[in-house]
Amino acid sequence: MIGVFDRWAASGPFGHYDLAIYRIIYSFLVLISLPKTGFVSDFPDSLYAPPPGPFRLLDGVPPHEALFAVDVLVALSLACLAVGFRTRISSLATGTLLMVNYGFTYSFGKIDHTILVAVVPLVLCWADWGRVLSVDGSANPGRGEDADLPPQWPLRLLSVLVGLAFLTAALAKVCSGWLDPSTQAARGHFLRKYVVEGNTGGVGDVLFSIQSSTAWEVADWLTIALEAGMILAVITWPSFRFMIALACLFHLSIMLSMGIAFSVNVIVYGSFVGWAALVGRPRIERRMRIGPVGVTALIGVLSALGLYMETLASPQLRSMIAGCIVVIGAVSASAYLLTTSGRAALRLVRT
Amino acid sequence: MESRTPWVIRLVFASALIAFAAQMLVSHNRAEPYPGLFQPRFSGTPLDHGSLQVVRPVVTVAFADGSRATVPYKSVLPSSRLHAIEVFRAAFYDDRSAGDPRTVAWLRGQLSSAFPGRSATAMVVEWNRASYDEADGWRRHTSPVKTVTVRLSP
């Protein structure tokens, strides 16, 4: 049994270039999605009510200067991660600082469940994702040229963590009556947005016109099947990739129906994509050769970009970026599902 | 290539599962912890026998010159990405938190910024239950729940 687990944990299709390209994409997308946190110090200590956890160690709202220092460090660590400078240290710093950054804003009564985006660098730094296309890699030319794959267990671990996170959502729904044929819970949540808040994502009128309780109950069951199925799908890579492709379409449907663009999860799903086959390795390598001055300048520019998003970027710009990420994720997922199902059909015809 | 011995990897996976079980226990017995591995729950259904119900505040500010102004509850809060109604409810749904001297001092500053040159003496928050019935074409009906008054003048 333990042997089966060891083989399962160690197996996977991810190469050094898949992880390195994703590291760059992850860093850039997180940089342009960084949350504003400075407003936290505009609230009084009496409203500071953190959930159970380390943030309860603080007596009240941290001063503006401390929040700004965290903002600077997050942007800097993400910039270092993007160029692969001291990759493991910058990965650990990025994950920890993102948790801190988000944590302050979750200390006023509501948690937004962006945790997975902070978990990614904490896990993938053990997969050696800074080995190529990085400052670290250029210090040791030839690394990553060998045929062997990077450690695959961190990606397995990440897939399990994604599956467990979704399981919490499925359990909450099952325990609160979503499977009861009389509830149509998805319709209830949609109507609350549509009728009470007047806030939907574009297809609200169409959904409002759907009165069929059977159709809405099917939506309830499919939602739970997706969320609970994620942890079962970690058994194999094709099944897990299939489920995260469905999850991308699910996020698009939530954005269109309820106006919630949950882009951070789409960024996380990118870690399971075979990027080298998509982008092409040699072209990337040629373009990535830059000297120390260029690297320093790049870190500076990327840090400034992150800091801009954390302090000055308008809510409209943020919404637009989040929406674009969700749409790109859904389009890519559709292409993946069509390609894989097409290949499967072709194999079936040939046999 | 760097590799980890199998027992280390087993230990990491086992630790993740134990931590997950622990967070579920905390979530069940107390409240959702942070950091914690969770996704949005959307528990239950807001629709109860064809009726949606929400409790929302109506905010009126009284001034020293005797005038009053009804303002959106969001205008009392600083601009932020927080869910405004959650924060406002935490601050002004019960008398104890609304009367906290730190909340009162902060509110005084907020209102003096929102109404420059005018001296606010009190903020009255009427919490109303708004019902929307499907059978009634989703028309809104409101009924009072409670009133919280925050005295701002010394």
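For the record, the sequence lines run as chains A and B. Under the numbering used here, read the first sequence as residues 9 to 359, first letter to last. Under the numbering used here, read the second sequence as residues 2 to 155, first letter to last. Glycine included, every Cβ here is placed at the ideal spot set by N, Cα and C.
For this session: Give every residue of the same chain whose Cβ lies closer than 7 Å to the Cβ of leucine 38 of chain B, excluding the five residues on either side of it in the sequence, and list them in chain order.
Result: Phe21 and Gln24
Exercise. The beta strand (DSSP E) spanning arginine 147 of chain B covers which residue range?
Worked result: It should be noted that the sequence gives lysine, not arginine, for residue 147 of chain B. Looking at the DSSP string, the run of the beta strand (DSSP E) that includes lysine 147 of chain B is 140-152.
Problem set entry | Alpha-carbon spacing of cysteine 183 of chain A relative to glutamate 87 of chain B, whole angstroms | 24 Å
Problem set entry | Reference phenylalanine 93 of chain B; option with closest CA among B/Met124, B/Phe14, B/Val13 and B/Pro145 | B/Met124
Exercise. Do arginine 64 of chain A and proline 71 of chain A have their C-beta atoms closer together than 7 Å?
Worked result: no
Problem set entry | chain A residues whose Cβ lies nearer than 9 Å to that of aspartate 96 of chain B | In chain order: nothing, as chain A lies at least about 13 Å away.
Exercise. If you measure beta-carbon to beta-carbon, which residues of the region 105-125 of chain A are closer than 7 Å to chain B?
Worked result: Met107, Gly111, Thr113, Tyr114, Phe116, Gly117, Lys118, Ile119, His121 and Ile123
For this session: Would you check if the distance between the CB atom of leucine 105 of chain A and the CB atom of valine 276 of chain A is smaller than 7 Å?
Result: no
Problem set entry | Alpha carbon of proline 7 of chain B to alpha carbon of tryptophan 245 of chain A, nearest angstrom | 20 Å
Exercise. Any Cβ of chain B within less than 7 Å of the Cβ of phenylalanine 413 of chain A?
Worked result: As shown, chain A starts at 9 and ends at 359. That puts residue 413 of chain A outside it, with no answer to give.
For this session: For methionine 328 of chain A, count neighbouring Cβ atoms within 10 angstroms of its own Cβ and tell me buried if that reaches 16, exposed if not.
Result: exposed
Exercise. To which residues of the same chain is glutamine 192 of chain A closer than 6 Å at the C-beta, ignoring the five residues directly before and after it?
Worked result: Ser221, Trp224 and Glu225
Exercise. Is the beta carbon of tyrosine 110 of chain A sitting closer than 7 Å to the one on threonine 122 of chain A?
Worked result: yes
Problem set entry | For threonine 231 of chain A and valine 168 of chain A, the rounded distance between their alpha carbons | 19 Å
For this session: Can you say whether threonine 176 of chain A is buried or exposed, counting buried as having 16 or more other CB atoms within 10 angstroms of its CB?
Result: buried
Exercise. How far does the beta strand (DSSP E) with alanine 28 of chain A in it reach, from first residue to last?
Worked result: Segment 24-39 is the alpha helix (DSSP H) holding alanine 28 of chain A; no beta strand (DSSP E) there.
Exercise. Is there a Cβ from chain A that is less than 7 Å from the Cβ of glutamine 54 of chain B?
Worked result: no
Exercise. With a Cβ-Cβ cutoff of 7 Å, do alanine 253 of chain A and serine 247 of chain A count as a contact?
Worked result: no
For this session: Helix, strand or coil for tyrosine 133 of chain B, going by three-state DSSP, please let me know.
Result: strand
Exercise. Do arginine 103 of chain B and serine 54 of chain A have their CB atoms nearer than 7 Å?
Worked result: yes
Exercise. Taking the continuous beta strand (DSSP E) assigned at alanine 63 of chain B, which residues delimit it?
Worked result: 52-64
For this session: Leaving aside the five residues before and after proline 158 of chain A along the sequence, list all residues of the same chain whose C-beta is less than 8 Å from its C-beta, in chain order.
Result: Phe22, Gly23, His24, Leu27, Ala135, Asp136, Trp137 and Arg139
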